[in-house]
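Respectively, the protein sequence lines represent chains A and B. Numbering (our numbering) for the first sequence: 18 to 211. Numbering (our numbering) for the second sequence: 18 to 211. Where is the CB? At the ideal position from N, CA and C, for every residue including glycine.
Protein chains: 2
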Amino acid sequence: MKELKDVIIQEGLPINKDVLVADSFLNHEVDAWLMKNIGQEFYSRFRKEPITKIVTLESSGIAPALMCALYFNVPVVFAKEEPHAISSDYYKETVYSFTQEELVDIIICINRLEKSDYVLIIDDFLANGDAALGLVNLIKQAGATIAGLGIVIEKSFQSGREKLLAEGIRLESLARIASMKQGKVEFIEEKLVR
Amino acid sequence: MKELKDVIIQEGLPINKDVLVADSFLNHEVDAWLMKNIGQEFYSRFRKEPITKIVTLESSGIAPALMCALYFNVPVVFAKEEPHAISSDYYKETVYSFTQEELVDIIICINRLEKSDYVLIIDDFLANGDAALGLVNLIKQAGATIAGLGIVIEKSFQSGREKLLAEGIRLESLARIASMKQGKVEFIEEKLVR
């Protein structure tokens with residue numbers, strides 16, 4: 018997605034070879050119109066699927082997921098870190114949080130997903146795939162069907178893509194970063210087949 | 018806002034006289050089109066102000082704030098709980114988290130707000146006003162101007178409104194709950210002057 022790659026080049030901060038700070042458009046300050054266009058792009062890639070729900074992880078997945086939900090006209094469910102007060106029973110997975118540098122429990126309440134749901138997962142970053150696989154497993158616990166995973170920025174030099182494809186998950190990433198050596202972001206160029 | 022009040026009546030769960038669970042449309046599962054209409058309603062109430070930025074608090078403020086940002090065509094900044102890795106200096110306030118039942122530090126990085134910014138604050142709930150006042154103080158630290166505060170659901174029987182008005186903040190709440198006794202939500206009816 019050219020608009021997104023241009024923003025990454027202009028505003029993304031590769032602070033080392035592994036970490037891209039996207040605080041000016043995605044993870045702290047959010048460009049609402051860019052998110053709308055990202056939502057539309059995910060829609061165009063998955064529009065043939067009978068999606069009934071978008072699932073994401075708080076907090077940075079919410080913006081692209083919500084915009085995508087507008088196009089599909091379905092609700093978003095955001096998985097939460099296990100809070101102190103929960104209103105119902107829930108599905109739980111333990112994932113390693115890249116930001117918090119520790120294991121965290123993520124949950125989805127059981128009444129938010131049904132077996133008949135056809136779910137598109139949306140998240141902001143794909144790195145080692147821990148968060149995405151946690152979401153996959155929450156949805157599997159509910160017995161719902163997974164249509165695929167839409168990722169805003171994939172760090173293709175980490176192992177997430179490989180792990181998700183091994184699980185049979187369809188993966189669509191809008192920007193795939195090949196490397197961030199010497200502070201320079203290089204993308205994997207792809208021909209998009211629709 | 019009638020559409021919102023109807024949803025609160027139909028789907029909100031007053032689990033006691035103080036707590037309304039809004040997990041099916043706002044705090045866990047999110048109704049994207051309701052959020053869009055909420056964003057438009059905030060826009061209509063604040064459209065005469067020269068807003069340059071929307072500020073909210075992760076996670077449940079993001080959806081209404083993002084939709085409102087689309088109408089104003091400005092970015093959203095979401096204040097974050099203090100993470101382990103931060104990319105820059107930041108403003109910090111300590112607030113009591115109703116959900117986590119403990120004090121938490123919330124931050125906004127200094128390069129996300131400028132003195133020239135004219136900020137609309139958006140949040141999902143107003144109860145005792147702690148989170149909202151934390152956001153007010155973060156913005157004041159940055160020296161930016163506060164146009165007002167837009168709240169999706171105000172629990173008017175708690176002290177938040179009073180505290181914010183005492184600070185001179187313009188407050189617009191789309192649904193004001195007078196009481197939730199015996200599991201029944203009663204609203205404060207208001208004539209909206211535009």
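Contact check between the segment 54-62 of chain A and the segment 22-37 of chain B: fewer than three CB pairs, one atom from each, fall below 8 Å, which does not count as touching. By the Cβ criterion, the segment 79-87 of chain A is in contact with the segment 76-86 of chain B, since at least three pairs of Cβ atoms, one from each stretch, lie closer than 8 Å. Setting aside the 5 residues that flank it on each side, T111/B is surrounded in the same chain by L120 and D122, each with a C-beta closer than 6 Å to its C-beta; the list follows chain order. In the same chain as D147/B, and ignoring 5 residues on each side of it, the C-beta atoms closer than 7 Å to its own belong to V112 and Y113, in chain order. Residues of chain A with a Cβ closer than 9 Å to the Cβ of R129/B are, in chain order, D40, S41, H45 and E46. Within chain B, no residue has its beta carbon less than 7 Å from that of I139/A; the closest one is some 12 Å off. With respect to chain A, the C-beta atom of S76/B has a partner C-beta closer than 8 Å. Chain-order list of chain B residues neighbouring A164/A: empty, with the shortest C-beta distance near 17 Å, by a criterion of under 8 Å. When CB distances to chain B are screened at a threshold of 8 Å, the residues of the segment 84-96 of chain A falling below it are M84, A86, L87, N90, V91, P92, V93, V94 and F95, in chain order.
Fewer than three beta-carbon pairs drawn from the segment 35-48 of chain B and the segment 33-44 of chain A are found closer than 8 Å, and the two stretches are therefore not classed as touching. Of all residues in the segment 53-77 of chain A, the ones placed with a Cβ closer than 7 Å to any Cβ belonging to chain B are K53, E75 and S76, in chain order. Pairwise C-beta distances place the segment 149-167 of chain A in contact with the segment 185-202 of chain A, as three or more of them are shorter than 8 Å. Put simply, of L181/B, I163/B, L137/B and I127/B the residue whose alpha carbon is nearest the alpha carbon of E171/B is L181/B. Spanning the alpha carbons of G200/B and A192/B requires a straight line of approximately 17 Å.
Comparing alpha carbon positions, the residue from I139/A, Q158/A and K109/A closest to S190/A is I139/A. Per DSSP, T69/B has no beta-bridge partner at all. The beta carbon of L21/A is closer than 6 Å to those of L191 and A192 in its chain, skipping five residues each way along the sequence.
Linking D134/A to K70/A through their CA atoms gives a straight-line distance of about 7 Å.
Residue environment: D141/B is assigned as buried (16 or more neighbouring CB atoms within 10 Å of its CB, all protein chains considered). Per DSSP, V36/A lies in no beta strand (DSSP E) and is assigned neither H nor E. A distance of 8 Å or more separates the beta carbons of A161/A and L137/A.
For I139/B, the uninterrupted beta strand (DSSP E) run begins and ends at Y135 to L143, by DSSP. Sequence-distant partners of S176/B (beyond 5 residues in either direction) whose C-beta falls short of 8 Å from its own C-beta, in its chain, are N145 and G146. A Cβ-Cβ separation of about 6 Å places V72/A in contact with I156/A under the 8 Å criterion. Apart from sequence neighbours up to five positions away, the residues of its chain that approach A39/A with a beta-carbon distance below 6 Å are G29, ordered along the chain. When the alpha-carbon of S173/B is set against those of V202/B, E75/B and Q158/B, the nearest one is in V202/B. Under a criterion of Cβ atoms nearer than 7 Å, the residues of chain A adjacent to I79/B are, in order, S76, I79 and A80.
The beta-carbon of A49/A is placed less than 8 Å from the nearest beta-carbon of chain B.
Counted as a single uninterrupted DSSP element, the stretch harbouring A159/A is not any beta strand (DSSP E), since DSSP gives it neither H nor E. Assignment of V94/B by DSSP, reduced to helix, strand and coil, places it in the strand class. In the three-state reduction of the DSSP assignment, L43/A falls in the coil class.
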